[in-house]
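Student: All residue numbers for the sequence shown refer to full-length UniProt numbering, where the first residue is 1 and numbers rise by one. Sharing a structure here in structure tokens format.
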Amino acid sequence: MPSDDERPVLLLFRHDLRVGDNLALCAAAATGRPVVAAFILDEQSEGARPIGGARRWWLHHSLTALREALERLGLNLVLRMGPIVETATALVEEVHAGTVLWNRRYDPAGIAIDTRLKAIFKERGIETDSFSGHLLHEPRRLKTASGGPYRVFTPFWRSMVDTIQLRPPADPPETITPYEGHLPGDSLEDWGLLPKKPDWSKGLGENWKPGEAGACERLADFMDGTGENYKSRRDFMAETGTSGLSPHLAHGEITPFQIWQALEGESDIGGEDLQTFRKEIGWREFCWHLLYHNPQLATENYNRDFDAFPWSENPEALEKWQRGETGYPVVDAAMRQLWQIGWMHNRARMVVASFLVKHLGIHWREGEEWFWDTLVDADPASNPANWQWVAGSGADAAPFFRIFNPVLQGEKFDPKGNYVRRYVPELAALPDKHLHQPWKASENALEKADVELGQTYPRPMVDHKTARERALDAYKSLKNAG
């Protein structure tokens, strides 16, 4: 048994798949003691929500990148699968670790697990410590004047900006002492994270580079050009006007501290554009603030008045929405983009969410679950918070009676039809004036474009005006019941 000064440090990676600005990694290196780096895939602990298919694909490649980065520092990445408390405890016993370090989590299951880990290790005389990096603010510390959590974004944003203590991102450690003993681990390939039969990931691989290097490249591209005129360009669905950093943030391949520092550096992006983008980072922080204080955010209405809302059970309509076969081109383009590349433009997310909840009357949870499985950037906070925002049941939510007209949304934010033509190619030959409502095109125009409604492209599954009135009637019944 090694002395206390020589006992190894167990470093647990979770949602922090990076070596830059990783305070737990830096602390492990600073001890000068042997370090065991481990990632535990836990889909069995109570409350742990198994990640969806798109994120499983991303996780495989992100872990590959992390393993290579750690090897350059002289560390091996040990992979284990199982309940994290039992698995981490077994690792501690195997290597006789004296310290366990990790970066903090803020989802309910993660908090519960980490609290239990601390208690178990304390009983055994094993030191533990946790560090920041996932969020700019600590949800338990940022409070309103009355001492409670924030429920509205604007005062939350003002308070966060006024009170957060921004720190410079930490560089990776220059030297680190590796654990020299034999420590068996799982093969990443044996975890089966990649789809095979069928392999639907071709579009994901063509559009994304998982890992810390990919995150840094995305940030650099944003600062060097794609972020120019961000405020005005970010809503246009065919343009590369957003940062594309959301999946990298979701997997902890980059931190908000690193992004914030980059925004304060030199770039061609104007002040209003930078401020608008900072608020997008702030909205992510707000979503995590909501989840921290409302652990059932993914399953229960934030506004409990919506518990009585008369949702519809319509599996056939849900499937048409999922497949991008609604008959509304901009909705179908967005849903097909999601299936092809595991991501959807933010404006499009609002449009398709509004369509599912308000045109089809289907519960927001159905949409949240579909996004959870198909988005590479699905995270436990932003995904349910944003769905509830659109549904009107969330914090600081859009009013339920704000019902997007999918035709007008397409005409305004895809005016040349490039987005629709990319993802709904069967409509590509239609003139711009008919592209977002092909059912209004003449027989001659449809024939020239080789479009046969009901055959090569579906007719609208609902009429916008009728669906809107039905949604408003349902909302009125809810208000009358209250």
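No residue lacks a Cβ here, since even glycine has one placed at the ideal position from N, Cα and C.
(1) In this structure, how does DSSP classify I254 when only helix, strand and coil are distinguished?
(2) Which whole-angstrom value describes the C-beta separation of L290 and A381, a residue pair presumed to lie in contact below a C-beta threshold of 8 Å?
(3) Is the separation between the beta-carbon of F355 and that of T326 shorter than 8 Å?
(4) How big is the Cα-Cα spacing for R33 and E71?
(5) Which of the three DSSP states is assigned to P178 in this structure?
(6) Do P8 and residue 484 have their beta-carbon atoms positioned less than 8 Å apart in this structure?
(7) Might you give, ordered along the chain, the residues of its own chain that have their beta carbon closer than 8 Å to the beta carbon of D373, omitting 5 neighbours on each side?
(8) Does the beta-carbon distance from C287 to I254 come in below 8 Å?
(9) How long is the line joining the alpha carbons of V351 and F277, rounded to whole angstroms?
(10) Give the straight-line distance between the Cα atoms of Y475 and E94, rounded to the nearest whole angstrom.
(11) Along the chain, where does the beta strand (DSSP E) that runs through D377 open and close?
(12) Nearest-angstrom Cα distance between V35 and R141?
(13) Provide the residue(s) that pair with I362 in DSSP beta bridges, ordered along the chain.
(14) Can you give, in chain order, each stretch of the alpha helix (DSSP H) that sits fully within the UniProt domain "Photolyase/cryptochrome alpha/beta" (7–136) and has at least 4 residues?
(15) With contact counted as at least three CB pairs below 8 Å, one residue from each stretch, are the stretch 61–75 and the stretch 35–51 in contact?
(16) Looking only at its own chain, which residues have a Cβ that is under 7 Å from the Cβ of N207, when we skip the five neighbours before and after it?
(17) According to DSSP, which residues form a beta bridge with Y457?
(18) How long is the line joining the alpha carbons of N383 and A298, rounded to whole angstroms?
(19) State yes or no: is the C-beta of H105 within less than 8 Å of the C-beta of H61?
(20) If you draw a straight line from the C-alpha of A24 to the C-alpha of R349, how long is it?
(21) Return the first residue and the last residue of the alpha helix (DSSP H) that W339 is part of.
(22) Kindly indicate which residue of G205, Y328 and D171 has the alpha-carbon position closest to the one of W343.
(23) Between which residues of its own chain and V85 is the CB-CB distance below 8 Å, once the five residues before and five after are set aside?
(24) With a cut-off of 8 Å on the beta carbons, I'd call F257 and S243 a contact; round off their distance for me.
(25) In whole angstroms, what separates the C-alpha of G148 from that of W191?
(26) Exposed or buried, which one is T87 when buried takes at least 16 other CB atoms within 10 Å?
(27) Once you ignore the five residues that flank T128 on each side, which residues in its own chain have a CB closer than 6 Å to its CB?
(28) Counting only beta-carbon atoms, is W389 nearer than 8 Å to chain D?
(29) Which whole-angstrom value describes the C-beta separation of L360 and V424, a residue pair presumed to lie in contact below a C-beta threshold of 8 Å?
Tutor: Once the coordinates are examined:
(1) On the sequence shown, position 254 is the one that residue 254 refers to. I254: coil per DSSP, three-state reduction.
(2) Residue numbering aside, residue 290 sits at position 290 when the sequence shown is read from its first letter. Residue numbering aside, residue 381 sits at position 381 when the sequence shown is read from its first letter. Contact flag correct, Cβ pair sits at about 7 Å.
(3) What you label residue 355 is simply residue 355 of the sequence shown in a count that begins at 1. What you label residue 326 is simply residue 326 of the sequence shown in a count that begins at 1. Contact: yes.
(4) Mapped onto the sequence shown, residue 33 falls at position 33. Mapped onto the sequence shown, residue 71 falls at position 71. C-alpha separation (whole angstroms): 17 Å.
(5) Position 178 of the sequence shown, counting from 1, holds the residue named residue 178. Three-state result, P178: strand.
(6) Coverage of the chain is limited to positions 1 through 482, which leaves residue 484 absent and any answer about it impossible.
(7) Taking the first residue of the sequence shown as 1, we reach residue 373 at position 373. Answer for D373: G52, G53 and A54, listed in chain order.
(8) To locate residue 287, count along the sequence shown from 1; it is residue 287. To locate residue 254, count along the sequence shown from 1; it is residue 254. No, they are not a contact pair.
(9) Within the sequence shown, residue 351 is the residue found at index 351, counting from 1. Within the sequence shown, residue 277 is the residue found at index 277, counting from 1. Each residue's alpha carbon lies about 21 Å from the other.
(10) Working through the sequence shown from its first residue, we reach residue 475 at position 475. Working through the sequence shown from its first residue, we reach residue 94 at position 94. Approximately 58 Å between the Cα atoms of the pair.
(11) Reading the sequence shown from its first residue, position 377 is the one you call residue 377. First-last for D377: undefined, no H or E at that position.
(12) In the sequence shown, the residue the question calls residue 35 occupies position 35. In the sequence shown, the residue the question calls residue 141 occupies position 141. Going from the Cα of V35 to the Cα of R141 covers about 31 Å.
(13) Mapped onto the sequence shown, residue 362 falls at position 362. Beta-bridge pairing links I362 to S312.
(14) 23–30, 53–72, 84–95 and 108–123
(15) yes
(16) Taking the sequence shown and counting its residues from 1, the one referred to as residue 207 is at position 207. If we look at N207 and ignore the five residues flanking it on each side, its Cβ neighbours are I341.
(17) For the purposes of this step, residue 457 is identified with residue 457 of the sequence shown, where counting begins at 1. Note: Y457 sits in a beta bridge opposite L453.
(18) For the purposes of this step, residue 383 is identified with residue 383 of the sequence shown, where counting begins at 1. For the purposes of this step, residue 298 is identified with residue 298 of the sequence shown, where counting begins at 1. Going from the Cα of N383 to the Cα of A298 covers about 8 Å.
(19) Taking the sequence shown and counting its residues from 1, the one referred to as residue 105 is at position 105. Taking the sequence shown and counting its residues from 1, the one referred to as residue 61 is at position 61. Reading off the sequence shown, one finds Arg at residue 105, where the question assumed His. Contact: no.
(20) The residue you call residue 24 lines up with position 24 of the sequence shown. The residue you call residue 349 lines up with position 349 of the sequence shown. Each residue's Cα considered, the two are about 35 Å apart.
(21) Numbered from 1 along the sequence shown, position 339 holds the residue referred to as residue 339. Counting along the chain, the alpha helix (DSSP H) containing W339 begins and ends at P329 to I341.
(22) Walking along the sequence shown from the start, residue 343 turns up at place 343. Checking every option, the nearest Cα to that of W343 belongs to G205.
(23) Locating residue 85 in the sequence shown gives position 85, where the first residue counts as 1. Excluding residues within five positions, the ones whose Cβ falls inside 8 Å are S45, I113, R116, L117 and I120.
(24) Position 257 of the sequence shown holds residue 257. Position 243 of the sequence shown holds residue 243. Wrong, their Cβ atoms sit about 15 Å apart, outside the cutoff.
(25) Looking up residue 148 in the sequence shown gives position 148. Looking up residue 191 in the sequence shown gives position 191. Taking the straight line from one Cα to the other gives about 42 Å.
(26) In the sequence shown, residue 87 corresponds to position 87, counting from 1. Per the 10 Å Cβ criterion, buried.
(27) Locating residue 128 in the sequence shown gives position 128, counting from the first residue. Cβ neighbours of T128 beyond the five flanking positions: V100, K118 and F121.
(28) Among the protein chains of the structure shown there is no chain D, as only one such chain exists.
(29) Residue mapping note: residue 360 aligns to position 360 of the sequence shown, counting from 1. Residue mapping note: residue 424 aligns to position 424 of the sequence shown, counting from 1. Going by Cβ atoms, the distance from L360 to V424 rounds to 19 Å, so no, they are not a contact pair.
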